[in-house]
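In the numbering used here, the protein residues as written are 1 to 432. Glycine included, each C-beta is placed from N, C-alpha and C at the ideal position.
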Ligand SMILES: [Zn+2]
Ligand SMILES: [Zn+2]
């Protein structure tokens, strides 16, 4: 006989293992956890949870919804689908909370079609469900759908909120849609919502990336609240792309005055100062980074196969099928070169810090994950790879060639967005 605490602890176990306490982008700790607790325990936890559901132990739609969110954060689609099946059996599938979580689950696992299906089958949709689908489309770069959904949700009588606008603005910023972004930013006030610092960061990012740094700067100056680290970070990114070293150094000074900052920011600062020829400041930023003992995150990619997660680091040879994976990559590279692919090693050295070094060029984690999928998945199954860091320029080019040479659909989620590779091109239009 199961007690309530059994269900509780198995939920907790699931949550722990799947990184509920972690950020959306599950990093190396996930690998640790998978290393420590084998697959058997996952199945055990799920079995106890299932049993609890069948015995009707205070498992409600909130419980389901949070377990599905856990699966989403850990990008465990197969496990999430099993829980979806349980929802169906217990009729919790009609809950809009469960629906919203399912939409995020499918989206986070790179399956946008699945997210749409869940939305369409929902008997009742709340604002959360609309926002979840809007967010999904935005993250996947389907901006036409985003704008369409926005109109539809207003027609259906839902008032877009803070989150809705943030999703739209982030999408515009990723897709480089300057006019649309400005339009929605202004629309916020018309709808009676005062933009928050995250909305400002999106607008600055959008203008900065598009090269309108002066305008980005004036947006910052006109902010009603103090600009946050992410607002300055957005400006710094724009400055880096467009080579405005002077403005970058100015922004860097501003950030420095703010006090403690995140580790990513130290790198941005140090690079900004170095580019402006301010080597003393650059050294200072690096020293701060060292003093605080901030470690760079290891680049990791993972794919789900059955209920198992296969995780790879750059140049990793720990996987059981390592030899086959490397052979596949070698074979593929020859084909890619025949199609015109040339490895851009400078790119890698410029963009990628210590963790993915020169000797691993060609063996960055996402390539290993793709090669593993190529030798494992049936040909019709799209390849979905998750990565905790940004995809480097050379891998981005390489994956385009891979999609062309293999005829496979390859979806890569990096720490920022989704890339859908098909037939030699990517949905981000090389703008990421
Ligand atoms: Zn790479
Ligand atoms: Zn892309």
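When beta bridges are read from the DSSP output, residue 302 appears opposite 311, 386.
No heavy atom of ligand 1 is found nearer than 7 angstroms to the CB of residue 319. In the structure shown, residue 412 adopts extended strand secondary structure according to DSSP, grouped into three states.
Under DSSP, residue 426 forms a beta bridge with 421. Put simply, the backbone Cα of residue 329 is about 30 angstroms away from that of residue 105. Secondary structure at residue 199: helix, using DSSP grouped into helix, strand and coil.
Relative to the Cα of residue 425, the nearest Cα in the group 137, 337, 397 belongs to 397. At least one heavy atom of ligand 2 sits closer than 7 angstroms to the Cβ of residue 428. Its chain contains 403, 404 as the residues whose beta carbon lies nearer than 7 angstroms to that of residue 423, once the 5 sequence neighbours on both sides are disregarded; these appear in chain order. Distances taken from the Cβ of residue 71 to the heavy atoms of ligand 1 include none shorter than 7 angstroms. Residue 141 is a Cβ neighbour of residue 175, given a cutoff of 8 angstroms. Per the CB criterion, closer than 5 angstroms to any heavy atom of ligand 1, the qualifying residues run in chain order as 364, 392, 395. In the structure shown, residue 342 adopts coil according to DSSP, grouped into three states. For the pair residue 149 and residue 130, the CB atoms are nearer than the 8 angstroms cut-off. DSSP places residue 87 in the uninterrupted alpha helix (DSSP H) bounded by 77-89.
Contact between the stretch 299-309 and the stretch 364-375 is present: three or more C-beta pairs spanning the two stretches fall below 8 angstroms. The beta carbons of residue 411 and residue 399 sit no closer together than 8 angstroms.
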